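For the sequence shown, our numbering gives the first residue as 2, with consecutive numbering after it. The beta-carbon is built from N, C-alpha and C at its ideal position, and this holds for glycine as well. No experiment lies behind these values; they were computed from the predicted model shown. First the structure, in the form of structure tokens, and then the observations on it.
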Amino acid sequence: MIQSRVDILIAPVTKFIKDETTGGILLFSSAVIAMIWANSPWRDTYGAIWHIPFTIGLGDFVISKDLHHWINDGLMAIFFFVIGLELKRELIGGELSTLRKAVLPLTAGVGGMIVPALIYLILNTGSGQTNGWGVPMATDIAFVLGILALLGRRIPLSLKVFLTALAIADDLGAVLVIAFFYTSDISMMNVGVGTVILLVMIGANLLGVRSAVFYGVMGIGGLWLAFMLSGVHATIAGVLAAFAIPARTKIDEVRFVKHMRKLIEDFRNADPNDNDLLTSEQHHIIGDIKKYSAAAETPLQRLEHAMHPVVAFIVMPVFALANAGIHITAESVAAFSTPVTLGVFFGLILGKFVGITGITILMVKTNLASLPENASWTQIYGAALLAGVGFTMSLFITALAFTDPTQVEQSKIGILAASFVAGTGGYLLLRVSRRTRASN
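Shown next as structure tokens:
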């Protein structure tokens, strides 16, 4: 009876955590709090708190950075680790696992990266601020999935899968852009150390090591630290570490079912206690059930499932809180006439829409791909507009692309304005669209 009452109390919390909209709600709420805080009478504390120094180390070996850097270089490495797990899963057995499945979201994703970058470069030619071309390239998958969840059954599942695969491909492109174009001076010695650690992790994978603790220690204490000291952005270590995580089960489905049937039958036939405690035999059987259940699950999927709440409820909200605060002044309004803000805004709104729809139309009309099942062209247009929600990744690249605080603010204004317009416009367009497939 006590257990049932506890279940009643925690059921709403569990439902909230598992709801697809929750991540987007928390992310949006954190951004709103940051904006309110940065424009309140306590706005000075907003900037001050993120510049509090934080030092870790032992003896003469110490790393000292302010909280803002720890969030962007440390916490976001966890975000990129989960992105890497999602990418690997999709490449192995998901929507990017075969050419037939991957061709439309991949090519549409490429179009949705190239056109925004070109629009930014065109609007910033001769301004000396062309380094921000990567800012409007990426789609914020958490916000997009949250908005799609709000639409429910108004849109077909195939469109959700298409947009999710597109956003994941988009993230892969953003990771490559960060790796090759937004790095500082590189220490080859530390890159070499990181490479050796990565090879050790890959070797352990091939030898059958499945311990999450091992990969955590090697990934954080070794690979992430080496990359942070090397000048290659530390978040890249998150993606590389994810690709070293095993994606194979220890036993196949047939053996798993066979063992589980036997163990359940043994448990049923075991003599019970006369109280709520298990007998030694029952406890042993349950231990075997746990062992075989773990063996039937891939470490990759287990880690992805375990890490997703950490990213959704801690990493991304904290990142938004630390990066989305903009003090609105007359200069902020005037920023809409600056090349950086215009480049980011039109890159996300116009560039994403033109790039994604243009490539999709080309692929479908040439019979190289087909529209997602039961999806209409209006829904494709709505999805393309929704992809202009850049938020998390765009804010992240902003911090890498610009060193001038004025340009950082201009970029953030463009990101927030574009994300609001794209999110609202995409939602409304998809809400009024019909689930009838357009002719190809």
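Beta carbon of residue i nearer than 8 Å to that of residue j
i: L199; j: L241; result: yes
i: E87; j: E305; result: yes
i: F67; j: I53; result: Correcting the residue identity first, residue 67 is Asp in this sequence and not Phe. Yes, the Cβ-Cβ distance between D67 and I53 is below 8 Å.
i: V345; j: G427; result: no
i: V33; j: L387; result: no
i: M77; j: M114; result: no
i: V255; j: I72; result: no
i: T339; j: A296; result: no
i: V83; j: M229; result: no
i: A331; j: Q411; result: no
i: A443; j: V104; result: Lying outside 2 to 441, the shown extent of the chain, residue 443 is not represented and no answer is given.
i: V311; j: I79; result: yes
i: A385; j: F354; result: yes
C-alpha distance - residue i paired with residue j, whole-angstrom precision
i: A423; j: L430; result: 10 Å
i: F182; j: N324; result: 21 Å
i: I1; j: D275; result: Within the shown structure, residues of the chain are numbered from 2 to 441, placing residue 1 beyond reach of any answer.
i: T46; j: I246; result: 41 Å
i: A313; j: A243; result: 17 Å
i: G316; j: D141; result: In the sequence as displayed, the identity of residue 316 is Val instead of Gly. C-alpha separation (whole angstroms): 14 Å.
i: G48; j: A419; result: 24 Å
i: S333; j: G193; result: 44 Å
i: L264; j: T299; result: 21 Å
i: G85; j: A271; result: 44 Å
i: F403; j: F163; result: 32 Å
i: Y216; j: T393; result: 26 Å
i: I432; j: L160; result: It is Arg, not Ile, that sits at residue 432 in the sequence shown. When rounded, the distance between both Cα atoms is 13 Å.
i: T367; j: S65; result: 55 Å
i: K291; j: L278; result: 18 Å
i: G352; j: M364; result: 18 Å
i: L372; j: S128; result: 40 Å
i: T407; j: W43; result: 21 Å
i: I50; j: H69; result: 9 Å
i: V148; j: F55; result: The sequence as given places Ile at residue 148; Val does not occur at that position. Cα to Cα, I148 sits roughly 36 Å from F55.
i: L224; j: V197; result: 9 Å
Distance cut-off 7 Å: residue i Cβ against heavy atoms of the ligand MG
i: V218; result: Of ligands this structure carries none, so the ligand MG is not represented either.
CB-CB length for residue i against residue j, believed under 8 Å
i: A321; j: S31; result: 4 Å
i: P117; j: G288; result: Contact flag wrong, Cβ pair sits at about 53 Å.
i: A248; j: L301; result: 4 Å
i: G239; j: F81; result: 3 Å
i: A166; j: L119; result: About 23 Å; that fails the 8 Å criterion.
i: I237; j: A180; result: 5 Å
Beta-carbon proximity list for residue i, same chain, < 7 Å, skipping 5 on both sides
i: S212; result: none
i: G326; result: A35, M36, W38, A39 and Y47
i: I286; result: L264, D267, F268 and A271
i: V201; result: M219
Same chain, Cβ closer than 6 Å to residue i, neighbours up to 5 away in sequence not counted
i: R438; result: In this prediction, R438 has a pLDDT of 43, which is less than 50 and means its spatial position is unreliable; what the coordinates show is noted afterwards. These residues qualify, in order along the chain: N375.
i: Y121; result: W134, P137, G344 and G348
i: L27; result: P318
Same chain, Cβ closer than 8 Å to residue i, five either side skipped, listed in chain order
i: L396; result: F320, A321, N324, A325, K413 and I416
i: N125; result: T131, G133, W134, P340, V341 and G344
i: N191; result: A227, F228, L230, S231 and G232
i: V409; result: T399, A400 and F403
i: P273; result: T280 and Q283
With three or more beta-carbon pairs closer than 8 Å as the criterion, would you say the segment 107-125 touches the segment 357-365? yes
Check whether the segment 364-384 and the segment 145-158 touch, using three or more Cβ-Cβ pairs below 8 Å as the test. Result yes; three or more Cβ-Cβ pairs closer than 8 Å.
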